[in-house]
Amino acid sequence: APGKSESGKSWRDPSDLFSNLYDAALQFQRDAATTSPNAPAQSLSKETRAKIAANAQLLRQFAALLASQVRAQANPSTQGSVGWIVAGLHRSLEARGPSRYLAANVKTDTTSRAGSLHPGESLEARVKERPADQDANVCKIGAPSGTGSSISFATGSETLSHTDFTLPGPFPIAWTRTYRSSLGAFDDGVLGARWITPYTTRLDVRGEGLRYHGADGRSHDYPLPKVGQFHEDRIEDLTLV
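Quick note, this note's numbering runs 1 ahead of the 1-based positions in the sequence shown.
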């Protein structure tokens with residue numbers, strides 16, 4: 002009968018009762034699917050159905066590709082994958098070794114403490130320290146690296162800065178050069194012997210390496226990077242490519 006489902010449930014008969022709301026919703030969906038299973042497909046044009054079929058095929062192919070890519074994430078030999086990261090973390094944990102455990106008795110009325118003693122030898126003063134090879138980066142250590150007269154504590158080099166001229170304006174320019182007594186590579190410098198500015202810094206090839214002469218007059222030795230590789234000095238904030 003019109004308005005009556007195959008299971009005997011009538012949506013227009015107020016005397017009919019459903020066991021619960023979910024039963025009614027489920028019955029309605031079954032009736033709709035049974036009454037017109039092909040109605041949406043019949044209302045679409047041939048071109049639209051062809052596009053839907055093509056997209057469905059692409060989605061099936063993408064599903065297979067996605068599954069393979071997800072499985073590939075578990076491969077520890079693939080750099081950047083989840084398995085590769087987990088393997089790296091596992092190696093780091095193994096390198097740390099087992100943690101040290103301390104035995105202690107737990108007391109109910111007081112705070113329990115656990116400690117360990119590390120017996121060792123007494124510390125003695127050293128008569129001679131290892132000689133310094135390089136002056137520190139003054140702007141980073143935050144502690145004086147030389148005397149008030151700019152004599153380095155590490156190497157004994159003298160450093161001083163001199164401003165030749167300044168140009169006022171919205172963007173003032175100050176031409177300042179720096180002298181360093183140990184800057185022998187600039188004995189024939191255009192600004193005078195052992196004077197340097199940020200515009201006259203340079204790299205010298207020394208055997209299989211490089212020597213960089215910075216704007217503060219300090220010199221740094223670096224390995225010569227190979228083609229396609231680089232060397233990074235994070236302390237001096239310098240990268241050689």
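All C-beta atoms, glycine included, are put in the ideal place defined by N, C-alpha and C.
Delimiting residues of the alpha helix (DSSP H) encompassing residue i
i: Gly84; result: 83-97
i: Ala175; result: Where Ala175 is concerned, there is no enclosing alpha helix (DSSP H), although the beta strand (DSSP E) it sits in stretches over 174-181.
i: Val107; result: No alpha helix (DSSP H) contains Val107, which DSSP labels as neither H nor E.
i: Thr49; result: 47-73
Cut-off 7 Å between Cβ atoms - residues of its own chain near residue i, not counting five sequence neighbours on either side
i: Asp217; result: Thr179
i: Asn138; result: Ile236, Glu237
i: Asp110; result: none
i: Thr79; result: Ala73, Trp85
Sequence-distant residues of its chain with Cβ nearer than 8 Å to residue i (five each side left out)
i: Asp165; result: Trp176, Thr177, Arg178
i: His232; result: Tyr223, Pro224, Pro226, Thr240, Leu241
i: Leu45; result: Ile53
Helix, strand or coil at residue i [DSSP, three-state]
i: Leu241; result: strand
i: Val206; result: strand
i: Gly147; result: strand
i: Gly229; result: coil
i: Ser220; result: strand
i: Leu211; result: strand
Cutoff 6 Å; reference residue i; Cβ partners in own chain excluding five residues on either side
i: Val83; result: Gln74
i: Ala105; result: Ser113, Ala115
i: Trp196; result: Arg178, Tyr180, Gly190
i: Leu168; result: Ile174
i: Arg219; result: Asp136
i: Pro132; result: none
For residue i, the first and last residue of its enclosing beta strand (DSSP E)
i: Leu161; result: 160-168
i: Glu233; result: 232-234
Residue from the options with nearest C-alpha to residue i
i: Asn215; options: Gly208, Pro199, Leu59, Glu209; result: With the sequence shown as reference, residue 215 is identified as Gly, and Asn is not the correct amino acid for it. Answer by Cα proximity: Pro199.
i: Arg118; options: Lys108, Leu103, Gln58; result: It should be noted that the sequence gives Leu, not Arg, for residue 118. That would be Leu103, whose Cα lies nearest to the Cα of Leu118.
i: Leu192; options: His163, Gln80, Ser69; result: His163
i: Asp136; options: Ala126, Glu130, Ile152; result: Ile152
i: Ser1; options: Gly81, Leu67, Ala155; result: The displayed coordinates of the chain run from 2 to 242. Any statement about residue 1 would go beyond what the structure contains.
i: Arg207; options: Ala186, Glu122, Thr201; result: Ala186
i: Leu161; options: Gly170, Phe172, Gly147, Pro171; result: Gly147
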